[in-house]
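**Student:** Order-wise, the sequence lines are chains P and U. Going by my numbering, the letters in the first sequence line up with residues 448 to 685, in that order. Going by my numbering, the letters in the second sequence line up with residues 4 to 248, in that order. Okay, handing you the structure first.
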Amino acid sequence: MSVATIPSTGTKASWTRLVLTHLKKDLRIEWRSREAINSMLFFSLLVVVLFSMAFDPSADTSREIAGGVLCVATLFASVSALNQAWAREMRHQVLDALRMTPSNGAALFLAKVLANFFFVSLVQVVLGPIFFIMYNLHPLGDAWLLALVIPLGTWALVANGTFFAALSIRSRNRELLLPLILFPIFLPALLAMVLSTKTILTGDDSDPTLLWIKLLGGYDIIFTTVSLLLFDTVLQAE
Amino acid sequence: MLFAVTRHYLMKKLFSVIGIAAVIALMAWAFYQAMYVAPAEATMGDVARIFYYHVPHGMLCYLFFSINFVASVLVLAWRRTNPARALAADAWALAGAEVGVVFCSVVLITGPLWGRPVWGIWWTWDARLTTTLVLWLIYVSYLLARRFTAGAEMQTLAAVLSVFGALDMPINYLANRLWRTQHPSPVFGGDPDAGLKDPRMLAAFGWNVLAWAVWGLTVLAIRIYIQRRQQRIDGAEALAALAGD
């Protein structure tokens with residue numbers, strides 16, 4: 448079943464090649480349709496506008512809530528895309544075909560996570576400047592730390608989201624089940640992401656930003672490892 | 004033959020009645036200890052007696068979530084080699100999660116009941132409270148996920164989900180050790196000046212842990228028994244459907 452059983456000397460290279468092949472396929476499909484990125488972008492833009500209408504933020508409050516709004520906007524936007532990520536493989540029994548190939552589930556999973564990570568990051572890169580303008584943001588803390596916090600948080604979201612999307616794909620109401628499972632498990636990462644963004648934007652040193660970033664990094668490592676280990680089980684569940 | 008079966012049935016009934024009566028008696032004794040024997044707390048007064056329910060339930064909800072975790076790992080280990088045993092383990096996992104959620108709910112209800120008179124607020128987003136709520140949400144979503152899917156596939160997926168739930172348990176346990184929280188520091192294994200000084204308080208606490216543990220395990224056993232019967236009915240129905248084809 449696994450790659451290791453293939454009599455070849457370059458086991459590690461073939462694993463990387465598997466990831467790259469899957470990744471290239473996902474990127475190509477997205478490039479041709481642009482379904483996921485466009486819908487995510489528009490959706491998160493809507494959330495940002497909705498929040499600014501709902502709260503009418505002044506400069507001070509916007510610093511307080513901006514991190515949370517950005518995180519929640521990406522969270523909601525990603526869920527629809529993550530649902531699509533595997534639903535796309537259901538057409539023409541592609542998922543069954545993937546289960547029968549002598550590839551390993553972890554490689555497939557990693558490629559999917561990388562592709563989704565790329566899509567969500569792209570959305571954030573476009574959304575970020577708009578967001579800064581609309582909320583009149585002017586970070587008072589170390590803004591460069593955002594370059595650490597946002598990718599780490601996004602990775603946590605995408606790794607868990609891709610895993611649980613695969614888990615919920617075979618259930619009834621799968622569109623509903625994904626957020627039901629994903630949100631509670633993602634909560635610690637969301638908390639760390641929102642609090643560290645808030646401290647960076649407000650420049651308030653009372654809350655240790657680095658502790659939250661470390662926590663986020665630890666969360667990423669633990670949950671990604673567990674997902675990689677368990678993905679074959681989910682893929683082959685019958 | 005019929006007599007033997009009836010006698011066996013009656014004996015079983017008798018033992019269950021005695022068992023349940025013993026559990027109720029134990030719980031009544033623990034209640035008496037907590038409410039009448041243990042002295043009132045020096046600063047908080049009688050409201051601190053809620054502690055005899057809050058803390059044991061908190062400790063025991065870890066026990067039941069751990070049962071869920073161990074059973075889930077066994078489901079994953081046995082699902083290919085020994086499906087019959089995996090099915091039994093799945094009944095344990097389900098019962099563990101359900102009883103655990105009940106205990107965790109009691110923790111989340113008794114906490115605010117104490118917090119309102121002592122802190123002046125029902126709820127605060129501090130590390131211990133937040134992680135406990137997250138723990139509860141994860142296991143509720145586990146139970147929901149089980150209802151959304153059916154069959155052997157569901158057992159595997161639920162077992163995988165349970166592993167993620169178990170990852171939150173150490174975070175929850177360590178929350179008021181890692182961070183300075185508004186939640187009181189640990190009663191056991193915390194600061195040297197924390198803990199129960201009065202032996203009558205300690206006794207009341209011990210009795211309550213024992214009584215609620217026995218109660219929880221009884222409910223767990225009954226729940227497993229019902230689930231096993233349900234599995235047998237489902238199996239028989241599936242076989243009948245196959246034979247009917």
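Note that the Cβ used here is the ideal one computed from N, Cα and C, for glycine as well.
Report yes or no: is there a C-beta of chain P within less than 9 Å of the C-beta of A241 (chain U)?
**Tutor:** So no, A241 (chain U) is outside the interface.
**Student:** Interface residues of chain U around R619 (chain P) at Cβ under 8 Å?
**Tutor:** What R619 (chain P) touches in chain U: F151, T152.
**Student:** Using a Cβ cut-off of 7 Å, which residues of the stretch 69-100 of chain U contact any Cβ in chain P, in chain order?
**Tutor:** So the list reads L79, given in the order they occur along the chain.
**Student:** So is A553 (chain P) buried or exposed if we call it buried at 16+ other beta carbons inside 10 Å?
**Tutor:** Buried, by the Cβ-count rule.
**Student:** Using 8 Å for Cβ pairs, my map puts A603 (chain P) next to W533 (chain P). What's the rounded Cβ distance?
**Tutor:** Contact doesn't hold; Cβ gap of about 19 Å is too wide.
**Student:** Going along chain U in order, which residues have a C-beta closer than 8 Å to the C-beta of I669 (chain P)?
**Tutor:** Simply L170.
**Student:** Is G457 (chain P) helix, strand or coil when you go by DSSP?
**Tutor:** Bear in mind that the predicted position of G457 (chain P) carries a pLDDT of just 48, short of 50, making it too unreliable to give a figure here.
**Student:** With DSSP as the reference, please indicate the residues paired to E44 (chain U) in a beta bridge.
**Tutor:** Answer is U:G48, bridged to E44 (chain U).
**Student:** From the beta carbon of A684 (chain P), is the nearest beta carbon of chain U less than 9 Å away?
**Tutor:** Yes, because at least one Cβ of chain U sits closer than 9 Å to the Cβ of A684 (chain P).
**Student:** Would you mind working out which of U:W32, U:G238, U:I53, U:R232 sits nearest V121 (chain U), comparing C-alpha positions?
**Tutor:** Taking only the C-alpha atoms, the option nearest V121 (chain U) is U:I53.
**Student:** Is the beta carbon of L663 (chain P) less than 9 Å from the beta carbon of N551 (chain P)?
**Tutor:** Against a cut-off of 9 Å, the Cβ pair of N551 (chain P) and L663 (chain P) comes out as no contact.
**Student:** Using 10 angstroms around the beta-carbon of S480 (chain P), count the other beta-carbons present and answer buried if the total reaches 16, otherwise exposed.
**Tutor:** Exposed.
**Student:** Considering only the alpha carbon of each residue, which of P:I632, P:F566, P:G608, P:A544 lies closest to D473 (chain P)?
**Tutor:** Closest option to D473 (chain P), Cα to Cα, is P:F566.
**Student:** Below 9 Å on C-beta distance, what does I628 (chain P) contact in chain U?
**Tutor:** The contacting residues are I141, S144, Y145, L147, A148, L164, F167.
**Student:** Listing by chain order, which chain P residues have their CB less than 9 Å from the CB of V137 (chain U)?
**Tutor:** Chain P residues near V137 (chain U): P631, I632, L634, P635, L638.
**Student:** Using a Cβ cut-off of 9 Å (strictly closer), state whether T134 (chain U) contacts chain P.
**Tutor:** Yes, T134 (chain U) counts as interfacial toward chain P.
**Student:** Nearest-angstrom Cα distance between S527 (chain P) and M487 (chain P)?
**Tutor:** Looking at the two C-alpha atoms, the distance is approximately 8 Å.
**Student:** For T159 (chain U), go through chain P and note every residue whose CB falls closer than 7 Å to its CB, in chain order.
**Tutor:** What T159 (chain U) touches in chain P: T680, A684.
**Student:** Near S455 (chain P), which residues of its chain fall below 8 Å by C-beta distance, leaving aside the five closest residues on each side in sequence?
**Tutor:** Residue placement at S455 (chain P) is flagged as unreliable, the pLDDT there being 47, under the threshold of 50; the coordinate-derived value follows with that caveat. Taken in chain order, the residues that qualify are S461.
**Student:** With three or more C-beta pairs closer than 8 Å as the rule, is the stretch 154-170 of chain U touching the stretch 678-685 of chain P?
**Tutor:** Yes, the stretch 678-685 of chain P touches the stretch 154-170 of chain U.
**Student:** Do the CB positions of C107 (chain U) and F68 (chain U) come within less than 9 Å of each other?
**Tutor:** Yes. Within cutoff.
**Student:** A45 (chain U) and I628 (chain P): beta carbons closer than 9 Å?
**Tutor:** For A45 (chain U) and I628 (chain P), no; Cβs fall outside 9 Å.
**Student:** Are the C-beta of V673 (chain P) and some C-beta of chain U separated by less than 9 Å?
**Tutor:** Chain U contact via Cβ: present.
**Student:** For the stretch 216-246 of chain U, list every residue whose C-beta sits within 7 Å of some C-beta in chain P, in sequence order.
**Tutor:** Per Cβ criterion, the list is empty.
**Student:** Let me check understanding here. Comparing Cα to Cα, which of P:G514, P:A501, P:L637, P:E536 lies closest to G575 (chain P)?
**Tutor:** When each option's Cα is compared against that of G575 (chain P), the closest is P:G514.
**Student:** Around the C-beta of R510 (chain P), are 16 or more other C-beta atoms found within 10 angstroms, so that it is buried, or is it exposed?
**Tutor:** With 16 or more other Cβ atoms within 10 Å, it is buried.
**Student:** Is the CB of S615 (chain P) under 9 Å away from at least one CB in chain U?
**Tutor:** Interface residue, yes.
**Student:** Once you ignore the five residues that flank L493 (chain P) on each side, which residues in its own chain have a CB closer than 8 Å to its CB?
**Tutor:** There are no such residues.
**Student:** Assuming A590 (chain P) and I660 (chain P) form a contact by the criterion Cβ under 8 Å, report the distance between their Cβ atoms to the nearest whole angstrom.
**Tutor:** Actually they are not in contact, since the Cβ atoms of A590 (chain P) and I660 (chain P) sit about 14 Å apart, beyond 8 Å.
**Student:** Excluding the 5 residues preceding and the 5 following L536 (chain P) in the sequence, name in chain order all residues of the same chain whose CB lies nearer than 6 Å to its CB.
**Tutor:** Reading off the sequence, residue 536 (chain P) comes out as Glu, not Leu. Excluding sequence neighbours, E536 (chain P) sits near L542.
**Student:** Tell me the DSSP secondary structure of P586 (chain P) in three-state form.
**Tutor:** P586 (chain P) falls in the coil class under three-state DSSP.
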